[in-house]
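Residue 158 is where the sequence shown starts when you use the numbering used here, and the numbers rise one by one after that.
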Amino acid sequence: MNPNQGALEQSIEQIFGEIAQLSIEIENVGNVAQQIDAIARQTNLLALNATIEAARAGDAGKGFAVVAGEVKQLAGQTSQATTQIGGIVQSLSSHVEKLKVISNKAKADLPS
């Protein structure tokens, strides 16, 4: 084995390490997005309850009903954003898997 081949093998091992770390970070982003989505769903329920309470309060609750409606809208937008994040996370995960395959092939193609 020549010195350049050893350096190349070491570089490929570093790539594997970075890919593994990237996979972990992508999973972390996905987990945070799921937490945010859960909060958005809870916020949506709270806004619905607030709308009901505002309706029960009659004229005195009209202003509160407007605020509850806005909160519900924000919760919906947040949920949509987390769905988009989930799609991005899936795409990134797919690219990471392709990088693993390519890196494994590069390592296997090295002369012994």
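Note that the Cβ used here is the ideal one computed from N, Cα and C, for glycine as well.
Local conformation of residue i per DSSP, three classes
{"i": "Leu267", "result": "coil"}
{"i": "Asn161", "result": "helix"}
Whole-angstrom distance between residue j and residue i, CA atom to CA atom
{"i": "Gln178", "j": "Ile196", "result": "27 Å"}
{"i": "Pro268", "j": "Ile172", "result": "18 Å"}
{"i": "Leu205", "j": "Gln167", "result": "57 Å"}
{"i": "Val228", "j": "Glu182", "result": "30 Å"}
{"i": "Ile245", "j": "Asn159", "result": "41 Å"}
{"i": "Asn271", "j": "His252", "result": "A question about residue 271 goes unanswered here, because the residues of the chain that appear run from 158 up to 269."}
{"i": "Gln191", "j": "Leu165", "result": "39 Å"}
{"i": "Ala211", "j": "Gly226", "result": "11 Å"}
{"i": "Leu249", "j": "Ile242", "result": "10 Å"}
{"i": "Gln199", "j": "Gly215", "result": "25 Å"}
Rounded Cβ spacing between residue i and residue j (contact assumed at less than 8 Å)
{"i": "Lys262", "j": "Ile169", "result": "Rounded, the Cβ-Cβ distance is 10 Å, inconsistent with contact."}
{"i": "Ser236", "j": "Asp194", "result": "6 Å"}
{"i": "Ala232", "j": "Asn188", "result": "Actually they are not in contact, since the Cβ atoms of Ala232 and Asn188 sit about 20 Å apart, beyond 8 Å."}
Cβ contact check for the region 217-234 and the region 252-264: 3 or more pairs under 8 Å:
no
Just to confirm the assignment: which complete alpha helix (DSSP H) runs, minimum length 4, are found wholly within the region 175-224?
none
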